[in-house]
Each structure stands twice: as structure tokens, then as C-alpha cells.
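Below is one structure, written out as C-alpha cells; comments come after it.
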Amino acid sequence: MTDVISTRLDEKEIEELNKICEEERIDRSALIRKFLLNQMKEYRMKGAGEKYRKGIVSIAEAATLAEVSIYEMMEYISREKLQSPSLTKKEMEDELRNSEEILKKLEK
Numbered sequence: 001m002t003d004v005i006s007t008r009l010d011e012k013e014i015e016e017l018n019k020i021c022e023e024e025r026i027d028r029s030a031l032i033r034k035f036l037l038n039q040m041k042e043y044r045m046k047g048a049g050e051k052y053r054k055g056i057v058s059i060a061e062a063a064t065l066a067e068v069s070i071y072e073m074m075e076y077i078s079r080e081k082l083q084s085p086s087l088t089k090k091e092m093e094d095e096l097r098n099s100e101e102i103l104k105k106l107e108k
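Written out as C-alpha cells, the structure is:
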């Protein structure tokens with residue numbers, strides 16, 4: 001089920017939106033939905049990335065929380081220059097093994 005959501009924009013924002021609609025060759029509703037969904041994804045990745053940075057979750061768990069692939073999460077972490085707290089060798093091996101298991105499941 002879908003709901004209608006309305007918002008107010010000033011003329012300049014509407015003009016810019018219309019210009020992008022022409023460039024993308026899609027209607028305003030589709031463009032706004034595309035922008036909103038992209039921003040929601042970014043918001044989820046930011047939250048999951050912060051948990052990764054604090055050492056609360058692994059990369060694989062962060063990807064699951066953000067509802068993205070491990071590759072997308074890794075790209076986000078790299079782009080944002082996020083670093084998890086230092087891991088022991090065993091923790092790194094466990095992280096690698098868990099990531100490999102998830103990748104195998106995704107390939108099936």
C-alpha cells in the first residue's frame with residue numbers, strides 16, 4: 001500500500017526539480033521518490049557505518065543493518081574513511097570468515 005505525502009517547496013527549488021526532471025526524463029513524483037529513497041539508504045548506511053566505527057558491528061552486520069550489499073557498505077566505509085577500533089588477529093580472521101560465508105550465500 002502506498003500513501004501520498006506532500007511537501008512545500010519554494011519556486012527556485014521547483015525550477016531546479018523541473019530541470020532535473022527534464023534531464024532525467026521522468027516525472028516529478030518519480031524523481032522525488034528516487035531522491036527520497038537514495039537519501040534513506042544513505043541515512044541507514046551512516047547509522048550502520050557509525051556502529052561499525054565504534055566496533056559494535058562487523059562490516060557484514062553493518063551491511064545487513066543498512067540493507068545494502070557488503071560491497072556497497074565497504075565502499076561507503078572507504079569513502080567516509082571510517083575505521084573500526086583495532087582488531088586482534090583472531091577477530092580479523094573471524095571477520096574475514098564471516099564475510100566469506102555471507103558472500104557464498106549471496107552467490108547461491
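According to this note's numbering, the stretch in the sequence shown is residues 1 to 108, in order.
Beta carbons are placed, not taken as given, at the ideal position from N, Cα and C, and that holds for glycine.
Local Cβ density within 10 Å of residue i, reported as buried at 16 or more and exposed below that
i	result
Ser-29	exposed
Ile-14	exposed
Ser-84	buried
Met-73	buried
Ile-5	exposed
Tyr-71	exposed
Spatial neighbours of residue i in its chain, beta-carbon cut-off 6 Å, leaving aside the 5 residues before and after
i	result
Ile-102	Ala-60
Ala-48	Ala-62, Leu-65, Ala-66
Where the alpha helix (DSSP H) containing residue i begins and where it ends
i	result
Glu-111	Because residue 111 is not part of the residues shown, which for the chain are 1 to 108, the question remains open.
Arg-97	89-107
Gly-49	28-53
Ser-78	70-79
Ile-20	11-24
Proximal residues to residue i (C-beta, below 8 Å), its chain only, five neighbours per side dropped
i	result
Arg-44	Leu-65, Ala-66, Glu-67, Val-68
Asn-98	Ser-58, Ala-60
Glu-75	none
Leu-17	Leu-9, Arg-28, Leu-31, Ile-32
8 Å contact criterion, which residue i and residue j should meet: CB distance rounded
i	j	result
Leu-31	Glu-22	About 10 Å; that fails the 8 Å criterion.
Leu-82	Tyr-52	6 Å
Neighbourhood of residue i by C-beta distance below 7 Å, restricted to the same chain and skipping five residues each side
i	result
Gly-55	Ser-84, Pro-85
Glu-80	Gly-49
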